[in-house]
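Worksheet for the structure shown next.
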Amino acid sequence: MTETIADKQAALIARFNTIPGWEDRYREIIRMGRDLPTFPEEHRLEKNKVKGCQSQVWLHARPDDGRVHYVGDSDAAIVKGLISLVLAVYSGHTFDAIIATPATFVDGLGLGQHLSQSRANGLSAMLKQVKLYALAFKAMANKQTL
Amino acid sequence: MTETIADKQAALIARFNTIPGWEDRYREIIRMGRDLPTFPEEHRLEKNKVKGCQSQVWLHARPDDGRVHYVGDSDAAIVKGLISLVLAVYSGHTFDAIIATPATFVDGLGLGQHLSQSRANGLSAMLKQVKLYALAFKAMANKQTL
Amino acid sequence: MSAFDIERVRAQFPMLSGREGARKLVFLDSAATSLKPRVVIDAEADFYARDYGTVRRGIYGLSQAATARYEGVREKARSFLNAREVNEIVFTRGTTEAINLVANSFGRSVLKSGDEVLVTAMEHHANIVSWQLVCKAVGATLSVLPIDDSGQLVLAELDRLLSPRVKVVALAHMSNVLGTVNPVAEVARRAHAAGAVVLVDGAQSAAHMPVDVQELGCDFFVCSSHKMCGPSGVGILYGRHEVLEAMPPWQGGGDMIVTVGFDETTFEAPPYRFEAGTPPIAQVIGFGAALDFLDGIGREHLAAHEHGLTDYATGRLHEVPGLRVFGSAPGKGGIIAFVIDGMAPYDIGTLLDEQGIAVRVGHHCAQPLMKRLGVASTVRASFGVYSTRADIDALVEGLHKVRGILS
Amino acid sequence: MSAFDIERVRAQFPMLSGREGARKLVFLDSAATSLKPRVVIDAEADFYARDYGTVRRGIYGLSQAATARYEGVREKARSFLNAREVNEIVFTRGTTEAINLVANSFGRSVLKSGDEVLVTAMEHHANIVSWQLVCKAVGATLSVLPIDDSGQLVLAELDRLLSPRVKVVALAHMSNVLGTVNPVAEVARRAHAAGAVVLVDGAQSAAHMPVDVQELGCDFFVCSSHKMCGPSGVGILYGRHEVLEAMPPWQGGGDMIVTVGFDETTFEAPPYRFEAGTPPIAQVIGFGAALDFLDGIGREHLAAHEHGLTDYATGRLHEVPGLRVFGSAPGKGGIIAFVIDGMAPYDIGTLLDEQGIAVRVGHHCAQPLMKRLGVASTVRASFGVYSTRADIDALVEGLHKVRGILS
Ligand SMILES: Cc1ncc(COP(=O)(O)O)c(C=O)c1O
Ligand SMILES: Cc1ncc(COP(=O)(O)O)c(C=O)c1O
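Next comes the structure, spelled out in C-alpha cells:
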C-alpha cells in the first residue's frame with residue numbers, strides 16, 4: 010500500500026470531476042455504497058452507531074499491525090455511499106496517517122455545500138469517529154509496548 | 010358645583026397653554042403639589058398605595074352623598090403635582106361623572122409625552138384608581154338601596 | 017383557490033423575491049419555521065435603529081415608548097387569540113418554553129404522586145418531555161390517548177382515560193406530522209367535566225386558521241412567533257385568568273416582583289409574574305408586525321388557501337409510485353408527511369435540496385408517533401401563506417427525478 | 017482618554033447619529049441596555065431576508081448554513097470568555113434565564129434541606145429571587161455576604177460564612193448600582209476550598225472589560241446580549257464542562273433529546289441538553305456580530321475609555337450641591353448611582369428626560385442593596401462604548417437646571 014491518504018483523496022476528486030452533472034455524481038456515490046462490503050450483523054450494535062446523523066450510521070473498526078480496518082453501513086443510500094468514500098480513503102492506513110490527514114475531498118466532489126458543512130447528515134461525525142478509532146488504537150498500542 | 014369634569018380639564022389646559030416654557034410648566038405643577046392638602050397620616054397605609062408607580066403614591070377616597078372626595082400624596086414633587094391636577098379635576102364629582110369622563114387633559118399640558126403614556130410614572134395607575142373608587146362606591150350605594 | 021393575491025403576498029417575502037443571484041427557493045418547511053415578510057424585518061430593525069429602549073424600567077421617553085409598544089403587542093396578541101383579558105397573555109421564548117412554564121409552575125404545584133398527565137399519541141416532544149420531567153420529579157405518570165390509522169384521536173377512549181387522577185390534558189391543536197386538527201373544544205369539555213385543566217399546543221395552528229381560545233375552552237394555549245411570520249425568540253402563553261392568577265412564579269428576577277427582601281419577596285400579578293428579566297423586546301415588537309400581517313390577510317382566507325394547497329398536493333403526490341402519506345383526517349391542515357417505498361427519507365430530502373426544494377426529513381420531534389406509524393422517519397412538506405401550486409408541482413417533479421436517481 | 021476613535025464608534029450607532037429630526041440623545045442608561053451598532057442590526061435583518069433557516073433540524077442547505085452560523089457564534093462566545101470548550105457555552109434568553117437554569121438544574125439536584133446559597137448584599141434581583149425560589153422548594157436558605165460603606169465586599173466575613181452547608185456562591189462580577197468590580201477569583205478560590213460552586217453574574221462586566229472565565233476560576237458565568245451591543249432575547253450561560261455534564265435537563269422539548277419514548281427519554285450532551293425548542297436563532301447570529309464588534313474595538317480599550325469617563329464624571333458630579341454618590345471602590349466600572357439632598361430621584365429623572373438625557377431612576381432591581389444604602393431609590397448614570405465627556409457635561413448642566421426647577 011504505497012498510495013497515501015492524500016493521493017487517494019486527489020484520485021477521488023479527479024474521478025468525480027469527470028462526471029458532468031450532479032445527478033450522475035450522486036448515482037456514482039450510491040453505486041459505491043452498493044459495493045460496500047456487507048456489514049457484519051454482529052457489529053450492528055448501539056455502541057457502534059454514529060451519533061449526530063439524521064440517518065442511521067454504523068461504524069466498526071479493528072486494528073491490525075498498526076493499521077485500521079473499518080466497516081460501515083447506513084440505511085440511507087447516499088450516506089452509505091459517503092461511508093464507502095470515507096473508507097476507501099482511510100481504511101487500511103496507519104494510525105498516524107489517519108490521525109494526521111484531514112478529510113479535504115468532500116468539498117471537491119461537486120456536491121451541494123450542505124454535505125460538507127453538516128452536523129445533520131453526520132459526515133463530520135463519521136469522520137470524527139474514524140479518527141477517534143485510530144487515536145484509541147494508537148493509545149492502546151502504546152500502552153501495550155510500555 | 011356646576012363646572013363639569015370636562016370644563017375643569019379645559020380650564021387646566023387653557024391655563025397651562027399660557028405658560029411658555031416647559032420649565033415653568035413643571036414649576037407650576039410642583040407649586041400645585043405644594044398646595045395639596047396635607048395627607049392624613051392615618052391613611053398612609055399599604056392598602057392605599059397605588060401600585061405600578063416608580064415613586065410612592067398614596068390615594069384615599071371617601072363617598073359623600075353620591076360624590077367622591079379624594080386625598081393623595083407622593084414622595085416625588087412632580088407626581089404630587091400631578092395628583093393635585095387629577096384631584097382638582099375629579100374630586101367632589103358624582104360617581105357617574107367620574108366613571109364616565111375620561112382624563113384627556115394630560116396630553117394637553119405641554120409636558121413630555123412620557124408623562125401621559127407611562128405605566129411607570131403611575132399616572133395611568135392613579136387615574137384607574139380614581140375611577141375604581143367611584144365604581145366601588147357606586148356598587149356599594151346600589152346595594153344599600155336594594 | 018385563494019381569496020387573496022398570492023403574488024402580492026409573495027412579493028413581501030425577501031427570501032422569495034429578493035435573493036439576487038440565488039436559485040429560486042421552493043420552501044416547503046413552514047411547519048418548522050416560516051419565512052418573514054419585509055414589515056416584520058423592518059419593524060425589528062427600525063426599533064433598534066430609531067426607537068430602542070428597554071421596557072418597564074425607565075422613566076425616560078425612549079423606555080416609556082418602548083413599553084407602550086411592547087404592551088400594545090400584548091393587546092394585539094389578546095385580540096389575535098380572542099382572549100378575554102390582556103393579562104392572560106404572557107410572552108415566552110416560544111411554544112417549548114411556554115409548555116415548560118406551565119408544566120413547572122402549574123404542574124409542580126398541582127401534580128402529586130399518583131396523578132396523571134394525559135397527552136396524545138401525536139404530540140411533539142415539547143409536549144411530552146416537559147411533562148415527563150415534571151412527572152418524574154413529583155411521582156406522577158403520563159398516559160396516552162391513542163390515534164387511529166387515519167391519524168385522528170380515538171375519542172371513544174377519552175372518557176375511560178379521564179380518571180380522577182388526570183389533572184392535566186395536553187394536546188396539539190394541529191399535529192406537526194399528520195396535519196390532523198384535533199377536536200379541542202370537545203376534548204376540553206370532557207376534560208373539564210373530569211376536573212382536569214387543558215393545555216393546547218397551538219404551534220401549528222396559530223398562523224394557519226382562526227383561533228379563539230374562548231371557543232376552544234382551553235385553559236392554556238401556546239404558540240411560537242417564528243412559525244407565524246414573526247421573529248425567532250418569542251412566543252405566547254395564553255392562560256385563563258383564574259388559572260394564571262393562582263400559579264406560583266417559575267423563574268425569578270427583575271420586573272416580576274413587587275418587593276424583594278432576603279427574607280421575603282412578593283410577586284407581581286400575571287402576566288408580569290411570569291416574565292422575569294429583560295424580555296425579547298425587539299422580537300415582541302416584530303411579532304406585533306407579524307400579527308398585523310396575518311390579520312391583514314385574514315386567517316379564514318389563509319386557511320382556505322392552505323386547504324386548497326393540501327387537497328391539490330395530496331392528489332398530485334399520489335402520482336408518485338410507491339408514495340405513502342401519513343394522516344388522512346378530514347379537514348387536515350397544510351402538512352403532508354410521506355415515505356416512498358424502498359427509499360430512505362434522508363436520500364429523498366438530500367436530492368430535493370439539490371434541486372432547491374426544502375422539505376423536512378426525520379422524526380419531526382415526534383418519535384412516539386413515528387413508532388406508532390411504524391417508521392423511523394418521514395419526508396414532510398408543509399405550507400405557509402406564501403406557498404403555491406407551483407411549489408407543489410416542483411416537489412412532484414423533484415420526486416420523479418429523485419426516483420430516477422435512487423432506483 | 018481613549019485609545020480608539022470615539023467619533024468613529026459613535027457613527028456606527030444609528031440611535032446616536034441617524035435619527036433624523038430627533039433631538040440629540042444623551043444616553044446614560046447603558047447598564048440597563050446598550051444601543052446597537054449598525055452591523056448588529058444588519059446581521060439580524062439580512063439573516064431574515066437572505067439566509068433564513070431553522071437550526072439543527074433541516075438537511076436542506078438553508079438550515080445547514082444557519083446551523084453552521086449559529087454554532088459559529090457559540091465558538092465566538094467561547095473565545096470571548098476564553099472558555100476551554102465550545103460545549104461549555106449554552107445560549108439562553110439572557111442573564112436572568114441563565115441563573116434560573118443553574119438554580120433549577122444544578123440547584124434542585126444538589127441543594128438539600130439545611131443547605132445554603134451564599135449571595136452578596138449587592139446582588140441584582142435576578143441573582144436573589146431565582147435562588148430564593150429554589151431554596152424555598154428544597155428547604156435551603158440564603159445567606160448574605162455584607163458590603164462596607166465604600167460598596168466593597170467584606171472579604172473578612174467570607175470564610176466565616178463559607179460553612180460546609182454552603183453549596184453555591186453566587187455573586188456579581190460588577191455591581192449594577194455601585195459599579196464595584198468584585199474580586200471574583202479570590203472569592204472563587206476560597207469558595208472552592210470550602211466545597212461550593214461559584215456562579216458569576218457578568219451582566220455588567222461582559223461588555224465592559226476583558227473576561228477570562230479560566231482566570232476567574234468560576235463554575236458558571238452568565239451575561240445578556242442586549243447589554244453587550246447585541247440583540248435582545250439572547251444571552252450566555254458558560255458552565256464548566258464537568259459541572260454542566262453532571263446537570264440534569266431543565267426544560268424539555270425538541271433538540272435536547274436523543275430518544276423519546278412515553279416510558280423513557282434520553283438526553284443530549286451539553287450544551288444541547290439545555291437548549292430545548294427552537295432557540296432565538298436570528299438573535300444569536302446578531303449577537304455574533306456584537307461580539308465581533310466589541311472584540312474589534314478591544315475590551316482593554318473599552319475598559320480604559322469607560323474608566324476615564326467614570327473618573328471624569330465622579331469629579332464633575334461633585335460640583336452639584338447636595339449630590340451624594342454611592343460606591344467608591346477603587347477601579348469601579350462606568351456606573352454612578354447618586355441622590356441629591358431634598359430631591360426625589362423620580363423628579364430628577366423626569367426633568368432630565370425633558371432635556372433629552374436618559375438616566376435610570378429607581379431601585380435598579382436591587383431592593384436589598386437600597387435598604388443597605390438607606391434609600392428607596394437613586395438616580396443612575398451608566399456608560400457604554402459610545403459614551404463621551406460631552407454626555408457627562410450635559411448631565412451636569414442638566415442637573416443644575418433640575419435644581420433650578422425643584423428648589
Ligand atoms: C447585575 C445584573 N444581573 C442581572 C441582570 C438581569 O439581566 P437580564 O434582564 O438581561 O436578564 C442585570 C440587568 O438588569 C444586572 O445588571
Ligand atoms: C406541535 C408543535 N409543538 C411544539 C413545537 C415547538 O416549538 P418551538 O420549537 O418554537 O418551541 C413545534 C415546532 O417545532 C410543534 O410543531
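Going down the list, the protein sequences come from chains H, A, X and S. The numbers in our numbering rise by one with no breaks, and the one at position 96 of the first sequence is 105. The numbers in our numbering rise by one with no breaks, and the one at position 96 of the second sequence is 105. The numbers in our numbering rise by one with no breaks, and the one at position 260 of the third sequence is 276. The numbers in our numbering rise by one with no breaks, and the one at position 242 of the fourth sequence is 258. C-beta atoms are modelled at their ideal positions from N, C-alpha and C, and glycine is treated no differently.
Taking all protein chains shown into account, do 16 or more other C-beta atoms lie within 10 angstroms of the C-beta of residue i, making it buried, or fewer, making it exposed?
i                        : result
lysine 60 of chain A     : exposed
threonine 47 of chain A  : exposed
leucine 144 of chain A   : exposed
proline 180 of chain S   : exposed
serine 95 of chain X     : exposed
aspartate 44 of chain H  : exposed
aspartate 279 of chain X : exposed
leucine 32 of chain X    : buried
Sort the options by Cα distance to residue i and report the nearest one.
i                         : options                                   : result
glycine 269 of chain X    : S:Thr70, S:Arg332 and S:Ile144            : S:Ile144
threonine 13 of chain A   : A:His102, A:Leu132, A:Phe146 and A:Met149 : A:His102
isoleucine 408 of chain S : S:Leu32, S:Val42 and S:Ala27              : S:Val42
tyrosine 288 of chain X   : X:Lys387, X:Pro265, X:Leu307 and X:Gly304 : X:Pro265
proline 296 of chain S    : S:Gly343, S:Gly246 and S:Arg405           : S:Gly246
serine 146 of chain X     : S:Lys387, S:Glu413 and S:Ile273           : S:Ile273
In the DSSP assignment, what are the bridge partners of residue i?
i                       : result
glutamate 23 of chain S : The partner list for glutamate 23 of chain S (beta bridge, DSSP) is empty, contrary to what the question assumes.
tyrosine 254 of chain S : S:Ile105 and S:Phe237
aspartate 45 of chain S : S:Ser398
glycine 81 of chain A   : A:Leu68
Check whether the Cβ atoms of residue i and residue j lie closer than 7 Å to each other.
i                        : j                            : result
valine 250 of chain S    : valine 213 of chain S        : no
glycine 378 of chain S   : serine 398 of chain S        : no
valine 185 of chain S    : leucine 134 of chain S       : yes
valine 375 of chain X    : glycine 365 of chain X       : yes
histidine 78 of chain H  : serine 100 of chain H        : yes
alanine 298 of chain S   : serine 248 of chain X        : yes
histidine 317 of chain X : phenylalanine 20 of chain X  : yes
threonine 112 of chain S : alanine 292 of chain X       : yes
leucine 215 of chain X   : valine 102 of chain X        : no
tyrosine 424 of chain X  : alanine 99 of chain X        : The shown model of chain X, from 17 to 423, leaves out residue 424 of chain X, and the question about it has no answer.
leucine 158 of chain S   : leucine 169 of chain S       : no
alanine 48 of chain S    : threonine 70 of chain X      : yes
glycine 170 of chain A   : glycine 90 of chain A        : This structure gives no information on residue 170 of chain A, because the portion of chain A shown stretches from 10 to 155.
serine 241 of chain S    : phenylalanine 303 of chain S : yes
valine 395 of chain S    : phenylalanine 354 of chain S : yes
lysine 387 of chain S    : glycine 195 of chain S       : no
Could you give the residue range of the beta strand (DSSP E) that holds residue i?
i                           : result
aspartate 274 of chain S    : Residue 274 of chain S is actually valine in this sequence, not aspartate. 273-276 is the span of the beta strand (DSSP E), which, as asked, contains valine 274 of chain S.
lysine 183 of chain S       : 182-188
tryptophan 67 of chain H    : 66-73
aspartate 175 of chain S    : From DSSP, aspartate 175 of chain S is part of no beta strand (DSSP E) but of the alpha helix (DSSP H) over 174-177.
glutamate 132 of chain S    : 132-136
serine 159 of chain S       : 157-161
phenylalanine 63 of chain X : Taken as a continuous stretch (DSSP letters only), phenylalanine 63 of chain X belongs to no beta strand (DSSP E), being part of the alpha helix (DSSP H) at 54-66.
arginine 315 of chain X     : Per DSSP, arginine 315 of chain X belongs to no beta strand (DSSP E); it is in the alpha helix (DSSP H), 315-333.
Can you tell me where the alpha helix (DSSP H) with residue i in it begins and where it stops?
i                        : result
isoleucine 28 of chain A : Per DSSP, isoleucine 28 of chain A belongs to no alpha helix (DSSP H) and is neither H nor E.
serine 403 of chain S    : Looking at the DSSP string, serine 403 of chain S is not in any alpha helix (DSSP H), and its letter there is neither H nor E.
aspartate 105 of chain H : 104-109
threonine 11 of chain H  : Per DSSP, threonine 11 of chain H belongs to no alpha helix (DSSP H) and is neither H nor E.
aspartate 369 of chain X : 361-369
alanine 97 of chain A    : 86-99
valine 150 of chain S    : 142-154
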